[in-house]
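Peer 1:
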Amino acid sequence: MEIEKIKNLGLETKLKKSMLFYNESMSKHTSFKTGGPCDLFVEVSDKDELITLITIAKENDIPITVVGNGSNLLVKDSGIDGIVIKYNNRDIDVNLNNNLVIASSGVINAYLGNILLEYELGGFEFACGIPGTLGGAIYMNAGAYGSEMKDVVVEVEYLNLDNLKIESLNNEQLEFAYRTSIFQSKINAIILSVKMKFEKSNALLIKDKMDEYRDKRLNSQPLEYPSAGSTFKRLDDFLTAKAIDEAGLKGYSIGGAEVSSKHAGFIVNKGNATSQDIIDLIEHVQKVILEKYNKKIETEVRIIGR
Ligand SMILES: Cc1cc2nc3c(=O)[nH]c(=O)nc-3n(C[C@H](O)[C@H](O)[C@H](O)COP(=O)(O)OP(=O)(O)OC[C@H]3O[C@@H](n4cnc5c(N)ncnc54)[C@H](O)[C@@H]3O)c2cc1C
């Protein structure tokens with residue numbers, strides 16, 4: 000455990016605008032509502048304090064983990080070593096002359112959706128119901144109903160964790176593909192802000208689309224239970240959720256974790272699941288699908304922890 004070492008760094012005096020929580024249970028910060036403690040959880044919204052924190056962590060060899068709203072994370076029951084950082088800046092700047100919007104990575108997708116509705120800017124309706132922050136949406140190239148973040152992003156500004164420089168990349172350079180971006184493979188960074196381009200629309204059209212997508216979600220997804228959305232990635236020629244259903248796994252459970260009986264693509268926490276229950280169930284589903292269809296399915300959910 001790094002906790003004593005971290006407590007001795009005097010972070011409280013150096014990070015006056017941030018919120019620090021020692022030995023914080025990650026179940027409070029994940030939509031699965033599971034996961035053990037991290038040594039220190041820091042919510043920071045000031046860029047200078049973010050750089051100070053990372054500099055100190057690097058100097059002291061303390062591992063850092065970046066999270067958004069935890070809507071796509073499964074944190075192991077053993078928790079996370081070191082410092083978990085949530086960059087929580089929520090600034091939004093709308094320019095109606097060119098329909099460009101710059102928003103900080105801590106902005107919640109649903110909140111941005113409502114701001115864009117007010118300004119009558121269309122193009123983000125698909126993302127309003129995707130839980131989480133813009134930072135997580137960029138990292139994952141989140142998408143729904145035929146659109147994805149790639150379709151609206153112009154540029155992303157990030158703090159490069161290797162050289163501590165603030166850098167930016169444009170849309171083509173971000174290597175967006177199905178549920179991935181350059182940040183998953185090549186650049187170790189904290190995403191700071193996102194410049195996006197939208198189209199002048201009208202409030203009625205935007206609201207109609209938002210309502211249509213919301214209703215689709217309510218009808219098809221088990222939103223009454225904690226989950227992290229689709230557990231597995233789909234394959235090009237293979238509909239994973241349909242295969243899980245046809246394999247008879249709907250409703251199959253291990254401990255408190257269950258393959259949702261409403262949507263086979265979701266594993267849900269029925270109340271008292273541990274992360275290990277969910278991991279065991281994921282592995283069981285993967286094994287059955289491999290045996291039955293000879294297909295290796297990968298998780299979309301990111302499993303982290305010690
Ligand atoms: C009910 C439900 C429905 C869902 N539906 C969809 C859907 O339709 N489409 C879809 O794509 N996803 C869906 N998801 C999954 C999830 O909402 C998305 O993946 C979302 O983009 C995750 O955002 P987050 O802020 O919660 O990120 P987190 O889950 O906290 O993090 C996800 C990854 O992003 C990284 N990350 C987060 N913020 C930053 C940052 N600022 N800088 C660098 N890295 C960062 C983290 O390190 C982590 O690896 C759903 C989830 C739930 C619970």
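In numbering that gives the first Met the number 0, the protein residues as written are 0 to 305.
Even glycine gets a Cβ: it sits at the ideal position worked out from N, Cα and C.
Taking Asn22 as part of the alpha helix (DSSP H), name the residues at either end of that continuous run.
Peer 2: Where Asn22 is concerned, there is no enclosing alpha helix (DSSP H), although the beta strand (DSSP E) it sits in stretches over 18-24.
Peer 1: Can you give me the C-alpha to C-alpha distance between Thr239 and Lys249, rounded to a whole angstrom?
Peer 2: So the two alpha carbons sit approximately 12 Å from each other.
Peer 1: Leu163: beta carbon under 6 Å from a heavy atom of ligand 1?
Peer 2: Checking every heavy atom of ligand 1 against the Cβ of Leu163, none is found closer than 6 Å.
Peer 1: Go ahead and pull the three-state DSSP assignment for Arg213.
Peer 2: Arg213 falls in the helix class under three-state DSSP.
Peer 1: Pick helix, strand or coil for Leu72, following the three-state DSSP scheme.
Peer 2: Leu72 falls in the strand class under three-state DSSP.
Peer 1: Is Val74 closer than 7 Å to Met139 when the C-beta atoms are compared?
Peer 2: Contact flag unset, no.
Peer 1: Once DSSP output is grouped into helix, strand and coil, what is the label at Val151?
Peer 2: DSSP places Val151 in coil when its eight states are reduced to three.
Peer 1: With hydrogens ignored, establish whether the beta-carbon of Tyr138 is closer than 6 Å to any heavy atom of ligand 1.
Peer 2: Checking the Cβ of Tyr138 against ligand 1 gives yes.
Peer 1: Check whether the stretch 52-64 and the stretch 93-109 are in contact - that is, three or more C-beta pairs closer than 8 Å.
Peer 2: Counting Cβ pairs under 8 Å, fewer than three are found: no touch.
Peer 1: Just confirm the distance between the C-beta atoms of Gly81 and Glu1, as a whole number of angstroms; I'd bet it's less than 8 Å.
Peer 2: 5 Å between Cβ atoms; contact.
Peer 1: Threshold first: 4 residues or longer. Then list the alpha helix (DSSP H) segments lying entirely within the stretch 158-220, N to C.
Peer 2: For the stretch 158-220, whole alpha helix (DSSP H) runs of length 4 or above, ordered along the chain, are 181-184, 202-219.
Peer 1: Three-state secondary structure (DSSP) at Phe231?
Peer 2: Here Phe231 sits in strand by DSSP.
Peer 1: For ligand 1, any of its heavy atoms closer than 6 Å to the Cβ of Val83?
Peer 2: No - ligand 1 has no heavy atom lying nearer than 6 Å to the Cβ of Val83.
Peer 1: When DSSP builds the beta bridges, which residues end up paired with Asn94?
Peer 2: Leu99.
Peer 1: What first and last residue would you give for the alpha helix (DSSP H) that runs through Asn108?
Peer 2: 108-117 is the extent of the alpha helix (DSSP H) around Asn108.
Peer 1: So for Glu42, helix, strand or coil by DSSP?
Peer 2: Reduced to three states, the DSSP call for Glu42 is strand.
Peer 1: Along the chain, where does the alpha helix (DSSP H) that runs through Val287 open and close?
Peer 2: Element bounds for Val287: 274-292.
Peer 1: Alpha carbon to alpha carbon, how far is Asn169 from Ser180? Give it in angstroms, no decimals.
Peer 2: For Ser180 and Asn169, the distance between alpha carbons rounds to 12 Å.
Peer 1: State the DSSP-derived secondary structure class of Thr64, mapped to helix, strand or coil.
Peer 2: Thr64: strand per DSSP, three-state reduction.
Peer 1: Under 6 Å: does the beta carbon of Tyr86 sit that close to some heavy atom of ligand 1?
Peer 2: Checking every heavy atom of ligand 1 against the Cβ of Tyr86, one is found closer than 6 Å.
Peer 1: When you measure from the CB of Pro62 to every non-hydrogen atom of ligand 1, does any distance come out below 6 Å?
Peer 2: Answer for Pro62: no, Cβ out of range of ligand 1.
Peer 1: Should Ala227 be counted as a contact of ligand 1 given a C-beta to heavy atom distance under 6 Å?
Peer 2: Answer for Ala227: yes, Cβ within range of ligand 1.
Peer 1: Pick from Leu191, Asn268, Ile266, Tyr144: whose alpha carbon is nearest that of Asp214?
Peer 2: When each option's Cα is compared against that of Asp214, the closest is Tyr144.
Peer 1: Would the stretch 38-56 and the stretch 8-25 be scored as touching if the rule is three or more Cβ pairs under 8 Å?
Peer 2: A contact exists between the stretch 38-56 and the stretch 8-25.
Peer 1: Under DSSP, the alpha helix (DSSP H) around Asp80 begins and ends at which residues?
Peer 2: It is not in any alpha helix (DSSP H) - Asp80 instead sits in the beta strand (DSSP E) that spans 79-86.
Peer 1: Can you check which of these residues, Phe175, Glu198, Gly135, Pro221, is closest to Val300 by C-alpha distance?
Peer 2: Comparing Cα-Cα distances from Val300 to each of Phe175, Glu198, Gly135, Pro221, the minimum goes to Gly135.
Peer 1: Does DSSP put Gly145 in a helix, a strand or coil?
Peer 2: Correct three-state label for Gly145: coil.
Peer 1: On the DSSP bridge list, what partners appear for Ile266?
Peer 2: In DSSP, Ile266 forms a bridge with Val258.
Peer 1: Have a look at Ser226 and Leu72 and give me their C-alpha separation to the nearest angstrom.
Peer 2: Ser226 and Leu72: Cα-Cα distance of roughly 9 Å.
Peer 1: Ignore the nearest five residues each way along the sequence and tell me which others in Gln183's own chain have a CB closer than 7 Å to its CB.
Peer 2: Here the set comprises Tyr138.
Peer 1: Measure the Cβ-Cβ separation of Ala242 and Ile288 and say whether it is below 7 Å.
Peer 2: Closer than 7 Å, so yes.
Peer 1: On the three-state DSSP scale, how would you describe Ile302?
Peer 2: Reduced to three states, the DSSP call for Ile302 is strand.
Peer 1: Please check the pair Thr132 and Val106, which I expect to be a contact at CB under 8 Å, by giving their CB distance rounded to whole angstroms.
Peer 2: About 6 Å; that satisfies the 8 Å criterion.
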